[in-house]
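**Q**
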Amino acid sequence: MQRQASAGGVRKPEPHQSTVAFGKGTPKKATLSTSNLQQFNKKTRTKSESKVQFEEAEDDMRPDVDQEDLKENLHENQGAAAKDGHHKDFGKVPKYLQQYKHEAEELEKKRQELKEKRKLPPGTRLVPEEERIQTLEDLTFTKVELQKLLGQMPISLRSEGLQKKKRELEERLEKVEQGINMFSRKVVYVKEN
């Protein structure tokens with residue numbers, strides 16, 4: 388049931404024929420009968436209907452939530468950062484990096500302490516600044532007290548007891564002055580107990 392070629396030499400397909408391309412070759416004609424066409428339409432219709440039914444079933448499983456409420460919740464959760472297009476923690480250093488930095492600082496601090504300990508002479512410790520200043524103040528106060536006691540002694544020391552007491556005060560005053568000289572330095576090492 389083909390028509391004769393027209394004057395231009397081009398054949399026109401019959402109403403039930405369509406041109407289908409098979410692979411790389413030239414298009415070949417395939418015949419579709421009306422029954423095949425109806426079956427194709429029926430299959431296509433049932434697939435689209437089943438898709439609609441599936442979506443309706445999905446909608447039935449969802450809780451009844453107003454779409455406006457969902458949009459409001461979304462905007463509340465995103466907050467002001469949503470306006471900028473960034474998440475809420477944008478620009479913040481993550482916790483694991485903060486922890487890593489803290490641990491690295493502690494490790495560096497311990498290394499510095501060990502380095503300082505190695506510099507110390509064996510069996511000694513470095514006196515902290517506060518302790519050094521407090522000791523210096525105590526020694527200065529003791530020096531003033533000893534000088535007062537020496538000043539109150541009589542000029543002529545006729546008895547042996549007075550002479551012995553004066554020598555003891557002078558020896559203590561000399562030790563206190565040595566302590567003041569030692570604790571006047573910026574760095575002071577003392578024996579470890």
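So in the numbering used here, spot 85 of the sequence shown is number 472, and the numbers just go up one at a time.
Don't be surprised by glycine CBs; every beta carbon is placed ideally from N, CA and C.
All of these numbers come straight from a predicted model, not from anything done at the bench.
Determine the closest residue to Asn580 out of Arg512, Arg554, Glu564, with distance taken between C-alpha atoms.
**A** Of the candidates Arg512, Arg554, Glu564, the one whose C-alpha sits nearest the C-alpha of Asn580 is Arg512.
**Q** Judging by CA-CA distance, which residue of Pro541, Pro481, Glu524 is the nearest neighbour of Glu516?
**A** Ranking the options by Cα distance to Glu516, first place goes to Glu524.
**Q** Is it buried or exposed for Val563, if we count other Cβ within 10 angstroms and need 16 for buried?
**A** The residue is buried, with at least 16 neighbouring Cβ atoms inside 10 Å.
**Q** Please go through the same chain and pick out, in chain order, the residues whose beta-carbon is closer than 7 Å to the beta-carbon of Lys578, but skip the five residues on each side of it.
**A** Cβ neighbours of Lys578 beyond the five flanking positions: Gly510, Thr511.
**Q** Given a cut-off of 9 Å, decide if Val531 and Tyr576 are closer than it, judged by their beta-carbon atoms.
**A** Not a contact, by the Cβ cut-off of 9 Å.
**Q** Do the CB positions of Leu537 and Glu558 come within less than 9 Å of each other?
**A** Their beta carbons are not under 9 Å apart, which means Leu537 does not touch Glu558 by this criterion.
**Q** Mapping DSSP to helix, strand and coil, what is Val563?
**A** Helix, per DSSP.
**Q** Could you tell me how far apart the beta carbons of Leu501 and Phe570 are, in whole angstroms, since I believe they sit closer than 8 Å?
**A** Not really, about 26 Å apart at Cβ, beyond 8 Å.
**Q** Are Lys551 and Met540 close, meaning C-beta to C-beta below 9 Å?
**A** No, the pair does not count as a contact, with Cβ atoms beyond the cut-off.
**Q** Any idea if Ala467 is buried or exposed, counting beta-carbon neighbours within 10 angstroms, 16 or more meaning buried?
**A** Because the pLDDT at Ala467 is just 49, under 50, the model does not fix this residue reliably, and the value given afterwards should be weighed accordingly. The residue is exposed, with fewer than 16 neighbouring Cβ atoms inside 10 Å.
**Q** Which residue from Glu518, Ile567, Leu560 puts its Cα closest to that of Gln534?
**A** If we check each option's Cα against that of Gln534, Leu560 comes out closest.
**Q** At what residues does the alpha helix (DSSP H) containing Lys496 begin and finish?
**A** First-last of the alpha helix (DSSP H) with Lys496: 482 to 506.
**Q** Here's the rule I'm using: 16 or more other beta-carbon atoms within 10 Å means buried, otherwise exposed. How should Gln389 be labelled?
**A** Any answer about Gln389 is weak, because its pLDDT of 47 lies below 50 and its placement is not dependable; what the coordinates show is given next. Result: exposed.
**Q** Measure the alpha-carbon distance for Val480 versus Glu490 and round it to whole angstroms.
**A** Cα to Cα, Val480 sits roughly 15 Å from Glu490.
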